[in-house]
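Chemist: One structure follows; several queries about it will come next.
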Amino acid sequence: MLKLSASAKVKYSAGEVVNLLSTDVERIRNFWYNLLDFVYTPLIIVLCLVGLTFTIGINVLYGVGVIIAFLPLNGFLVNTATKCEQRQMDYKDARLKLMTDVLSGVKVLKLYAWEESMRARIAEIRTKEVTQLKYAVYCYSAMEISFNACPILATIVSFIGYIVIQGHPLTPQAWFKKL
Numbered sequence: 001m002l003k004l005s006a007s008a009k010v011k012y013s014a015g016e017v018v019n020l021l022s023t024d025v026e027r028i029r030n031f032w033y034n035l036l037d038f039v040y041t042p043l044i045i046v047l048c049l050v051g052l053t054f055t056i057g058i059n060v061l062y063g064v065g066v067i068i069a070f071l072p073l074n075g076f077l078v079n080t081a082t083k084c085e086q087r088q089m090d091y092k093d094a095r096l097k098l099m100t101d102v103l104s105g106v107k108v109l110k111l112y113a114w115e116e117s118m119r120a121r122i123a124e125i126r127t128k129e130v131t132q133l134k135y136a137v138y139c140y141s142a143m144e145i146s147f148n149a150c151p152i153l154a155t156i157v158s159f160i161g162y163i164v165i166q167g168h169p170l171t172p173q174a175w176f177k178k179l
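Counting along the sequence shown from 1, when you hit position 153 you're at 153 in full-length UniProt numbering, and nothing is skipped either side.
If you want it as structure tokens, here you go:
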């Protein structure tokens, strides 16, 4: 059970505490889930680049150039999605705070017949929250497309350099060996 001090109860509403707990627990879980990727991915990239350098030579740099060219796009998408998620969390905090206030003051709400106005305020905040969530999902979708297209384009550009610029013939044996 979570217990808050009196000063913490004044500073944070119940909605904010629930929101923080749910998102922080998910972030901690995701950190441990993705920790190995942060450790092994650079090692795998270096090993693949060394192996490809021995296979297709300097043409590897064309593919590396494509990957580096995608970095600003991916950075922009990550920043935009993070900002959208932060705004969404702010709206969620406001909505949960309003819901807590409504539920704690339901007698007064019924007495003065404020149900519809409170429902409209909650619906308005929820609409803004969902809009930000939608924009974040669009950014994440664009990131997935970018992350999946980048290695394919890097491979194509490397092979174009191998065939067109270097003038090497591309036989099926060479193709599968290099893939």
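No residue lacks a Cβ here, since even glycine has one placed at the ideal position from N, Cα and C.
I'd like to check one pair, A154 with V66: are the Cβ atoms closer than 8 Å?
Modeler: Translated into positions along the sequence shown, residue 66 becomes position 66. Translated into positions along the sequence shown, residue 154 becomes position 154. Contact flag set, yes.
Chemist: What do you get for G63, buried or exposed, if any count of 16 or more other CB atoms within 10 angstroms of its CB means buried?
Modeler: One-based indexing of the sequence shown puts residue 63 at position 63. Label assigned to G63: buried.
Chemist: Just to confirm the assignment, what range does the alpha helix (DSSP H) spanning L71 have?
Modeler: As a position in the sequence shown, residue 71 is number 71, starting the count at 1. First-last of the alpha helix (DSSP H) with L71: V60 to S104.
Chemist: Could you tell me the alpha carbon to alpha carbon distance between N74 and S146, rounded to whole angstroms?
Modeler: Locating residue 74 in the sequence shown gives position 74, counting from the first residue. Locating residue 146 in the sequence shown gives position 146, counting from the first residue. Distance between the alpha carbons of N74 and S146: 7 Å.
Chemist: So for S13, helix, strand or coil by DSSP?
Modeler: Translated into positions along the sequence shown, residue 13 becomes position 13. Of the three classes helix, strand and coil, the one that applies to S13 here is coil, per DSSP.
Chemist: Does any C-beta atom of chain C lie closer than 8 Å to the C-beta of I44?
Modeler: Judged by its chain identifiers, the structure shown contains no chain C, having just a single protein chain.
Chemist: Do G161 and N59 have their beta-carbon atoms positioned less than 8 Å apart in this structure?
Modeler: One-based indexing of the sequence shown puts residue 59 at position 59. One-based indexing of the sequence shown puts residue 161 at position 161. Yes, the pair counts as a contact, with Cβ atoms nearer than the cut-off.
Chemist: So for L170, helix, strand or coil by DSSP?
Modeler: If you number the sequence shown from 1, residue 170 lands on position 170. If DSSP states are grouped into helix, strand and coil, L170 belongs with coil.
Chemist: Are A81 and Y140 close, meaning C-beta to C-beta below 8 Å?
Modeler: Sequence index remark: in the sequence shown, residue 81 carries index 81 (1-based). Sequence index remark: in the sequence shown, residue 140 carries index 140 (1-based). Yes, Cβ-Cβ distance for A81 and Y140 is below 8 Å.
Chemist: Examine the Cβ distances between the segment 77–91 and the segment 125–134 and report whether three or more of them are shorter than 8 Å.
Modeler: Enough Cβ pairs lie closer than 8 Å, so yes.
Chemist: By a C-beta neighbour count over all protein chains shown, 10 Å radius and 16 as the cutoff for buried, is C84 buried or exposed?
Modeler: Counting from one through the sequence shown, the residue named residue 84 turns up at place 84. C84 should be labelled buried.
Chemist: In angstroms with no decimal places, state the Cα-to-Cα distance between L96 and Y33.
Modeler: To locate residue 96, count along the sequence shown from 1; it is residue 96. To locate residue 33, count along the sequence shown from 1; it is residue 33. Between L96 and Y33, the C-alpha separation is close to 29 Å.
Chemist: One question on the structure: do L103 and I125 come within less than 8 Å of each other, judged by their Cβ atoms?
Modeler: For this step, residue 103 is matched to residue 103 along the sequence shown. For this step, residue 125 is matched to residue 125 along the sequence shown. Taking 8 Å as the Cβ cut-off, L103 and I125 do not qualify as a contacting pair.
Chemist: Can you tell me whether DSSP reads S141 as helix, strand or coil?
Modeler: Start at 1 with the first residue of the sequence shown, and residue 141 comes out as number 141. S141 falls in the helix class under three-state DSSP.
Chemist: How many Å lie between R29 and F54 at the Cα?
Modeler: Taking the sequence shown and counting its residues from 1, one reaches residue 29 at position 29. Taking the sequence shown and counting its residues from 1, one reaches residue 54 at position 54. Spanning the two alpha carbons is a distance of roughly 39 Å.
Chemist: Beta carbon of L109, beta carbon of E115: below 8 Å?
Modeler: Position 109 of the sequence shown holds residue 109. Position 115 of the sequence shown holds residue 115. Yes; because the gap between Cβ atoms is below 8 Å, this pair is in contact.
Chemist: Please state whether the Cβ-Cβ distance between S158 and I56 is less than 8 Å.
Modeler: Reading the sequence shown from its first residue, position 158 is the one you call residue 158. Reading the sequence shown from its first residue, position 56 is the one you call residue 56. Cβ distance < 8 Å, so S158 and I56 count as in contact.
Chemist: Determine, using beta carbons only, whether S13 and T100 come nearer to each other than 8 Å.
Modeler: Taking the first residue of the sequence shown as 1, we reach residue 13 at position 13. Taking the first residue of the sequence shown as 1, we reach residue 100 at position 100. In this structure, T100 lies closer than 8 Å to S13 by Cβ.
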